[in-house]
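Here the structure is laid out as structure tokens; the discussion comes afterwards.
If you want it as structure tokens, here you go:
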């Protein structure tokens, strides 16, 4: 026990002596004023220099300790205490045991003198409910005892209301309360055990009557009813009625806490603060914290729920109290009287009850009407507040983190009238940024800033400071909250804070931050996606998000510019944006999407579109643009499922494709880029089962299909127009892309049509009828759309060369397809698709047993291919090339092989290369016809370059087959085999043994077997045949290159080099395949062939390559 405790014990001993001839254990209330002053004076001295509690001030700590000790001393006397246990477990044992015996008068008077009703109530809540009622009863008896003063009634009301405000579950216990609760538990466990004899003397009837009631409200209202006559001041009367109404409201009229809107809460607190400031009380956190406790207690269901009391009884008691005080004039407030806290609280209490009672008083109309009349008759002085007071109250709550400070922060951010005092308002926001790190508060702060920026009386410095604070708050949010905030900002204004005319100083500050952010990202190695670590990516995302919140459009524009014009930066920019889906804005509802007319364009697409229109893009920049868009269209993976993409494919099509293909919109983009956008969008996998249909159906699919079909129709006559007259500069690569897009789109739309054919029948007929004016082949590209709804319509001449079922095919009388054009139509069908090619091949009518039929067919096919070749894309030509090969192999196509480039036919087995030689000769015949006088005017320079590319592709295909039949050996165990120098000059000579790298085996039998196997392998190596085939291919290619107008077809030049390179490789791999004489003859012959080339550079390169064809034979 310390010194202060001993002094306090001495003060109580002195007080006990002052009671003589009585003692503190039997003191009456009237004697306390005479004997209590030593205790109070000693406590004041101790509080001035005593020790502080853990969580309390020195005064609060000592007051709580004293009340705890006094109360425990009384409870120990009543319940009996095990002193042997107490001195070990009770920290207050020595202080408690050193005090003289006391009664409840001492406890209550100490509580009243020290204004410690809150401490008393907090300790009272630790008692069992029955014991709580007992202690309340003792307090009531003390208040009613002589002398009866209003201070005693005030103590009763304070204890009552503090019981309502003090919730054990709502606060952390301090050390003193913990000791009190622990000692109570010990006392209750000791007193609960009765002796056996005592138990026998108890009767059951006595048990029921001896147990006290646990209805706290009943006790309190009953006590107030008894004390109503002791209340003579208006202020105390208003308090009593307010508390009783709040008890009625929280016990009977609500089942859960009523959450007040933040604005209403601030208004109530501001009125309380305004009243108290007029009474010279300072507006601080302590004042508002207590006001918030009052407010919370008034709107939270009481823990002391009625047990025996009914609503009717409670209404009657409260009505009786109100009537009594009204009759005495205590409820009448004179006009112009000064507002008081008691009057304001009663006004609030009355309003709550009047609002809630009508719904809870069924069957109690009489009682309710009486109380309603009384409460309605009350008039209260008005309490005026100003926005400045509201702002100060909110600022104090936010600064000190009081109850609901985050909701108040959101309100603080949105009230423009509070922001009139800009300096203090911004200072509060800046100081308490953590309170505003919620997307609601941030949105309201941003709206307030926008209003300030649009105001004529704008303070530029304040706006700049606030913009920086808002950006700092946003930057501290987690990524999910950032995206919510970005979505709000995009919805609010696509240009963020810069949606209106902004002073240059503010704009300049943002532009500097924007440029610095993207310079840091690009210069920080972010352009290389492989080198961008996750940390670098997170930093980049934060930088972009910060500037995007201030101006989404400017940030996206910078992202697009970096992605397109900074080499390889598109990957990083796409990764950044994919982590910021909030920049897409809020998702539109299903109804809005259903009514979409295709004009909706997202912010990102708008930025990209403006950039493309403003500057002509190079091929590399277009490639980066396309890859950037493709990455953004990929669906996000969310919990192993595909989520929405940052850039919906539908939006890309509506922004970049439909306007460019529209006949009235003009062509904003070149046709190739437009088709690449469409191809990229259609390539995105569609896995959204929650959607009723594919997104393509929102992009005017049938008009789009028709426009694409029109474009395809134009490509079929691509060489008929001069480049100057053509509206679109077509290339065959663009045609290839167009066909791919048309087929993909047709497949998607066809699947939707098949799922609901009745819904799309009119659209199908519309499309079918519109395509009637186009080339007949176009409808085959649209076959995936209407599937089996319509027959296949082809020129009638095709039916003459094919056996096609009438149920599926019908003929058209077309002027361009007269008699003898069946094979032309047949070739065009073979080029369209693999399935149609298969159908054409299986239905072809050629009697291979009739030589004249085969010859006529071969001649017709030659003419048909000559007409078809120039308009073929690479994929179409690949199909026709396979058709030629199959026709040759099946004997349908007869191609006689002539010795145009050899003086005599060597003794070689060319049967294995028959197909390649015939294909090469056939192509030579095609070009002889195509380059002849009757056809040479068909094609422009671009057209000749195109057919040259197709022919070079065919040459590569033939070379591929040659390589398959004689692969070049790789270094291994067996050396390159030697082949007889010439089967013609020395037919009887035996092939030479191949040289072997491996050591000779001592086993003669194994050696002979190895030699025999090698000889057989050597005899089967067709190296001389391959050289002969290569020489023929080279001559054919050179012949065609010379025939083509201009003679400068680079693909054919490269094909010639490839043939020569392979010729050289064969000679090196198989040295005896050509003798020195034969190689010399070959060089002279090849040189003579190339002399016909007009291009001197190509001729020089080829002849230099020819000079290297030297035989390695020994």
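Residue numbers (UniProt numbering): 1 to 1114. Where a beta carbon is used, it is the ideal one built from N, C-alpha and C, also for glycine.
Are there 16 or more other CB atoms within 10 angstroms of the CB of residue i, so buried, or fewer, so exposed?
| i | result |
| --- | --- |
| residue 140 | buried |
| residue 717 | exposed |
| residue 297 | buried |
| residue 618 | exposed |
| residue 523 | exposed |
| residue 1100 | exposed |
| residue 857 | buried |
| residue 302 | buried |
| residue 151 | exposed |
| residue 520 | exposed |
| residue 693 | exposed |
| residue 779 | buried |
| residue 338 | exposed |
| residue 827 | buried |
| residue 902 | exposed |
| residue 765 | exposed |
Specify, as a first and last residue, the run of the beta strand (DSSP E) that residue i falls within.
| i | result |
| --- | --- |
| residue 810 | 809-812 |
| residue 969 | From DSSP, residue 969 is part of no beta strand (DSSP E); its letter is neither H nor E. |
| residue 795 | 792-795 |
Quick one: grab the DSSP three-state call for residue i.
| i | result |
| --- | --- |
| residue 636 | strand |
| residue 559 | helix |
| residue 643 | strand |
| residue 893 | coil |
| residue 802 | strand |
| residue 774 | coil |
| residue 295 | helix |
| residue 844 | strand |
| residue 28 | coil |
| residue 273 | helix |
| residue 382 | coil |
| residue 9 | helix |
| residue 944 | helix |
| residue 403 | coil |
| residue 71 | helix |
| residue 433 | helix |
| residue 169 | Summary for residue 169: the model assigns pLDDT 47, below 50, so the residue's position carries little reliability; its value from the coordinates is reported in the next sentence. Residue 169 falls in the helix class under three-state DSSP. |
| residue 91 | coil |
| residue 1005 | Note that residue 1005 scores a pLDDT of 44, beneath 50, so its modelled location is shaky; the value from the coordinates is reported in the next line. In the structure shown, residue 1005 sits in a helix (DSSP, three-state: H, G or I). |
| residue 65 | helix |
| residue 1045 | coil |
Which whole-angstrom value describes the C-beta separation of residue i and residue j, a residue pair presumed to lie in contact below a C-beta threshold of 8 Å?
| i | j | result |
| --- | --- | --- |
| residue 24 | residue 106 | 6 Å |
| residue 965 | residue 912 | 6 Å |
| residue 922 | residue 880 | Actually they do not touch by this definition, with Cβ atoms about 11 Å apart. |
| residue 486 | residue 467 | About 16 Å separates the two Cβ atoms, so there is no contact after all. |
| residue 712 | residue 739 | 7 Å |
| residue 1075 | residue 1109 | Actually they are not in contact, since the Cβ atoms of residue 1075 and residue 1109 sit about 13 Å apart, beyond 8 Å. |
Here's a check: name, in chain order, each residue in its chain whose Cβ is nearer than 6 Å to the Cβ of residue i, leaving out the five neighbours to either side.
| i | result |
| --- | --- |
| residue 493 | 499 |
| residue 1115 | There is simply no residue 1115 to check, as the chain begins at 1 and stops at 1114 in what is shown. |
| residue 92 | 69 |
Quick one: residues in its chain with C-beta nearer than 8 Å to the C-beta of residue i, no 5 flanking neighbours on either side, listed in chain order?
| i | result |
| --- | --- |
| residue 344 | 271, 272, 275, 380, 383 |
| residue 249 | 298, 349, 352, 353, 356 |
| residue 863 | 823, 824, 929 |
Output needed for residue i: all residues of its chain with C-beta closer than 7 Å, excluding positions within five of it in sequence on either side, in chain order.
| i | result |
| --- | --- |
| residue 558 | 514, 518 |
| residue 440 | 410 |
| residue 941 | 1046 |
| residue 791 | 808, 809, 810 |
What are the boundary residues of the alpha helix (DSSP H) that residue i is part of?
| i | result |
| --- | --- |
| residue 607 | 603-614 |
| residue 149 | That residue, residue 149, is in no alpha helix (DSSP H); it is neither H nor E in DSSP. |
| residue 1056 | 1050-1069 |
When you compare the CB of residue i with every CB in chain C, is at least one pair closer than 7 Å?
| i | result |
| --- | --- |
| residue 71 | This model lacks chain C altogether; it includes just one protein chain. |
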